[in-house]
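Residue numbers (full-length UniProt numbering): 1 to 663.
C-beta atoms are modelled at their ideal positions from N, C-alpha and C, and glycine is treated no differently.
Because the structure is a prediction, the values reported are computed rather than measured.
The structure appears below as C-alpha cells.
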C-alpha cells in the first residue's frame with residue numbers, strides 16, 4: 001500500500017507564510033493556508049499552534065495592507081497639496097482630485113460638484129470613471145439625495161445601497177442616472193470653506209460596499225484641498241480679471257484718445273479742403289481714406305456725383321451701386337430715417353460689407369446723400385467723423401446748387417427769349433448761346449416732351465446731373481421739357497431723353513422732335529407746332545415715345561380736333577377687316593401691307609425687309625385685297641397707309657376700341 005502524505009510541519013508553514021508576506025500576496029492566499037491547516041487531523045503534533053501561526057501571519061498582512069493604504073492616502077494627500085500650490089487651472093485640478101479619490105479608494109466612479117447659488121443646484125464640475133453620458137452632467141437641488149444630508153450635518157455621509165436608502169429624499173432624475181451608471185454604494189464628503197458648503201466630493205461603486213473611517217478621512221482631506229483650490233482659483237480669476245480690466249481700460253483710454261485726436265485731424269483736413277475750394281472728388285477721396293472705406297455722394301435723384309475709395313480697397317457693394325438696384329428700397333428707407341433723426345444709419349448689409357447712409361440737408365431741401373461702404377463696425381467717434389464730414393460735403397453741394405441755379409436761370413432766360421415770337425437782339429442771343437456751347441449759326445433741332453404729374457422740372461434737373469448733353473440748352477417751359485440742340489445731335493439727344501424718361505417715369509411721357517431748323521427765326525413757330533402736336537399724340541394713344549415732327553405733320557392736320565373714339569371709328573372703317581383677320585388667325589397682313597407701302601409698293605423690296613419670299617408677299621397682298629377690296633387708287637392708298645401708321649403708333653386701349661367696333 002502507498003504511504004499517506006505527510007502533514008505539513010511548522011517550519012515549512014512558517015517559511016511559506018514569510019514568503020507570502022514578502023511577495024505581498026493577497027488575503028485570499030492566507031485564507032487558503034488557514035483552511036489547509038484547519039483541515040489537518042488532530043494528531044497531537046501542534047495543530048492549534050499552526051492555526052495560530054497562520055492567523056498571526058494574516059494579522060501581519062492586514063496591518064501591512066492598512067499601512068500601505070495609509071501610505072497611499074498620505075501620498076495622495078501630499079500630491080494634491082503639491083498640485084494645489086503648483087496649479088491654478090481649476091478644471092484640470094478638480095479632475096485630478098476626482099481621479100485620485102477614485103484610484104485611492106479603488107472605486108468605479110468619482111465626481112466633484114459645486115453649488116450654483118443662482119440656480120440653487122449642485123452641478124458636476126469634474127468626473128472620472130463614468131460610463132453613462134448623464135453622469136458628468138448631473139445636477140440636484142440642495143434638499144435631495146446625499147446632498148441634503150451633507151448640507152444639514154456638514155459631515156461625510158455614506159450608503160452601501162443608494163437607490164434603496166430611505167434616510168434622505170430621492171431625486172427621480174438623479175436616481176435614473178445612477179441606474180444608468182449601475183451605481184450602488186456612494187460616499188460623499190463636503191467641500192467646506194469657513195462655515196459654508198461650496199461643493200461635494202463623491203466616490204461610488206457598482207456593488208454594495210462599506211467604506212472605512214480611514215477612507216472617509218482621506219476623502220475629506222481631498223475635499224478640503226478641493227475647497228482651497230476652488231477658492232484660490234476664484235481669487236486668481238478675480239485678480240486676473242481685475243488686471244485684465246485695468247489693462248483693457250488703459251488700452252481703451254489710449255485708443256479713445258487716439259480716435260479723438262484722429263477725428264480732430266480729420267475734421268481739420270476736411271475743413272482745410274473746403275477752404276481751399278477742393279473739388280467734390282477730393283473730399284470723397286479724403287473721407288474714404290480717413291474711414292478706410294468707399295464713399296459715394298448722391299444727388300437728390302440718387303445719381304452718383306462723386307466717388308472716392310481708400311487705397312487698395314475693392315468694394316463689391318460700392319461697385320454694384322445703382323440708383324434702381326435691388327438695395328434701392330432699403331437705401332430709400334434709411335435716408336428717410338436719416339432725415340428724421342439727423343444722424344447716419346446703416347442702410348443694408350452685403351456679405352461682410354455694410355452701407356451707412358446720411359441725408360445731406362440744405363435749409364429745408366434735400367441736397368443729396370453720402371454713402372459709406374466699409375467692412376466691420378464703426379465706433380461712435382468714427383460715426384461722428386463721417387457725419388461731420390457729410391456736413392462739409394453738404395456745404396459743397398449747396399454751393400453747387402446755387403451755381404446750378406444761376407446757370408439754370410440764364411439758360412431759362414435764353415430759351416424763353418428764343419421761343420418768344422418777338423426775338424429781340426438776336427446777336428445777343430447768339431453770344432449767350434455760344435456761352436453754353438450752342439452755335440445758332442448752324443442748323444438746330446427743338447425737342448418738346450410732356451411728362452405726367454408736372455415732372456418736367458425734375459427731368460431737367462436729372463439731365464443737368466447726367467452732364468451728357470453738352471452744347472444743348474434745356475429747361476422746363478410751361479410744364480414741358482424743352483431742349484434746343486445742334487441738328488447733328490438731335491437723334492442722340494432724343495434717345496437719351498427717352499431712356500431717362502422711360503427709366504424715371506415709365507410710360508407717362510410723350511414728345512416730338514423737330515426737323516432741322518436753319519436759323520433762330522424758325523424756332524418760335526416750330527415750338528408752337530410741336531406743342532400742338534402733343535395733344536394729337538395723346539388722342540391717337542402714343543405713349544413713352546418721342547416721335548419725329550415729320551411723321552406727325554399729317555396726323556396733326558387730320559386729327560388735331562379728333563378724340564380717340566373718332567380715331568377708333570376711322571381705323572375700324574379703313575383697316576378693321578385686316579386687323580381683325582390678323583388678330584383672329586395670328587397672321588401678319590397689316591405689317592406686310594405697311595412695309596409694302598413704305599417700300600414704294602415694291603414687293604421685292606418689301607420681301608427683303610420682311611425676310612420672306614416675294615411670292616409670300618404677293619400671296620398676302622392678294623388676301624389683303626380680298627379683305628379690303630380694291631385699293632389701287634392714290635386716295636385709297638393714302639387712307640389705308642395713314643390708318644396703318646396710326647394702328648402701329650396706337651396703344652392697346654385704342655386697339656381694344658377698334659376691336660369693339662368690329663364686334
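- Annotated as proximal: residue 473 and residue 433, with beta-carbon spacing under 9 angstroms.
- By the beta-carbon neighbour count (other beta carbons within 10 angstroms, threshold 16), residue 285 is buried.
- The alpha helix (DSSP H) runs of length 4 or more contained entirely in the segment 424-476 are, from start to end of the chain, 426-435, 456-466.
- For residue 123, the three-state secondary structure derived from DSSP is strand.
- In this structure, residue 480 sits away from residue 443, with a CB-CB distance that is not shorter than 9 angstroms.
- Distance from the CA of residue 231 to the CA of residue 373, rounded to the nearest whole angstrom, comes to 50 angstroms.
- For residue 152, the enclosing alpha helix (DSSP H) stretches over residues 145-153.
- Rounded to the nearest whole angstrom, the C-alpha separation of residue 41 and residue 158 is 45 angstroms.
- Nearest to residue 206 by alpha-carbon distance, out of 519, 174, 107, 171, is 107.
- In this structure, residue 302 sits near residue 331, with a CB-CB distance shorter than 9 angstroms.
- Excluding residues up to 5 positions away in sequence, nothing lies with its Cβ nearer than 6 angstroms to the Cβ of residue 213 in the same chain.
- In this structure residue 341 is exposed. Its beta-carbon is surrounded by fewer than 16 other beta-carbon atoms within 10 angstroms.
- In this structure, residue 500 lies near residue 463, with their beta-carbon atoms less than 9 angstroms apart.
- Assigned with DSSP and collapsed to three states, residue 492 falls in helix.
- Per DSSP, residue 283 is one residue of the alpha helix (DSSP H) stretching across 280-291.
- Under the DSSP assignment, residue 373 falls in the beta strand (DSSP E) whose first and last residues are 365-375.
- Rounded to the nearest whole angstrom, the CA to CA distance from residue 431 to residue 397 is 29 angstroms.
- The beta carbons of residue 116 and residue 122 sit closer together than 9 angstroms.
- In the DSSP annotation of this structure, residue 172 is not part of any beta strand (DSSP E); the continuous alpha helix (DSSP H) holding it starts and ends at 172-181.
- In the DSSP assignment, residue 652 falls within the unbroken alpha helix (DSSP H) covering 652-662.
- In this structure, the alpha-carbon of residue 549 lies about 6 angstroms from that of residue 515.
- Assignment of residue 193 by DSSP, reduced to helix, strand and coil, places it in the strand class.
- Ranking 451, 395, 445, 254 by CA distance to the CA of residue 478 puts 451 first.
- With a 10 Å radius around the Cβ and a threshold of 16 neighbouring Cβ atoms, residue 148 comes out buried.
- Rounded to whole angstroms, the Cβ separation of residue 531 and residue 395 is 41 angstroms, and the two are not in contact under 8 angstroms.
- Take the alpha-carbon of residue 137 and the one of residue 48: they are about 57 angstroms apart.
- When the Cα atoms are used, residue 385 and residue 378 turn out to be separated by approximately 10 angstroms.
- In this structure, DSSP gives residue 523 a helical state, which the three-state scheme calls helix.
- Annotation: the continuous beta strand (DSSP E) that includes residue 158 extends over 157-159.
- From the listed residues 641, 15, 183, 504, the smallest Cα separation to residue 53 is found for 15.
- Contact between residue 460 and residue 476 holds: their C-beta atoms lie close to 5 angstroms from each other, under 8 angstroms.
- In terms of Cβ geometry, residue 113 and residue 156 do not form a close pair [threshold 9 angstroms].
- In the same chain as residue 390, and ignoring 5 residues on each side of it, the C-beta atoms closer than 8 angstroms to its own belong to 344, 358, 360, 370, in chain order.
- Cβ atoms of residue 201 and residue 101 come within 8 angstroms of each other, at about 6 angstroms.
- A residue is called buried once 16 or more other Cβ atoms fall within 10 Å of its Cβ, and residue 26, having fewer, is exposed.
- Under the DSSP assignment, residue 339 falls outside any beta strand (DSSP E), being part of the alpha helix (DSSP H) whose first and last residues are 328-341.
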